[in-house]
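Under this note's numbering, residues 1 to 115 are what the sequence shown spells out, in order. We put the CB at the ideal spot given by N, CA and C, even for glycine.
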Amino acid sequence: MLYLSQLTDYPNQSYTLTTEDSKTVLLDLIYLPTQQFWIANITYDLINFKLNGIKLVNNLNILKQFSNVIPFGLTCISDDLIDPFLIDDFSNQRSRLYLLNATEIQNIDTIYTTP
């Protein structure tokens, strides 16, 4: 898991991430103060994949529904189990965002499917 430690409390942020296989993922984070939540826009240029407006919530893989299309995922974890809702939730590390590789996604899928 790649911890995205560079997140700030700026309401519009853009990051270029590199996957384990050296592919580029563009991640735009937007804070919506009237709604009190964060959304992400994700672009994966290798296959011209673009996802806009996905809400960041506590989840082992927010992008699970796309796991048959993209080789990465996003995990969001908050200390108090409350979804990120304040502008400084990532900068003060109450909530943390991680980029997952294919192996980590497979391990998480095993957790989901194990009775």
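- Item | Sequence-distant residues of the same chain with beta carbon closer than 8 angstroms to Leu-86, five excluded per side | Mapped onto the sequence shown, residue 86 falls at position 86. Here the set comprises Gln-36 and Arg-94.
- Message: Assuming Thr-18 is part of the beta strand (DSSP E), what are its boundary residues?
- Response: By 1-based counting over the sequence shown, the position of residue 18 is 18. First-last of the beta strand (DSSP E) with Thr-18: 12–18.
- Message: With H, G and I counted as helix, E and B as strand and the rest as coil, what does DSSP make of Lys-23?
- Response: Here residue 23 corresponds to residue number 23 of the sequence shown, with the count starting at 1. Note: Lys-23 maps to coil in three-state DSSP.
- Which of helix, strand or coil DSSP assigns to Ile-87: Position 87 of the sequence shown, counted from the start, is the residue given in the question as residue 87. Ile-87 falls in the coil class under three-state DSSP.
- Is it the case that the Cβ atoms of Val-25 and Ile-47 are separated by a distance below 8 angstroms? Mapped onto the sequence shown, residue 25 falls at position 25. Mapped onto the sequence shown, residue 47 falls at position 47. No.
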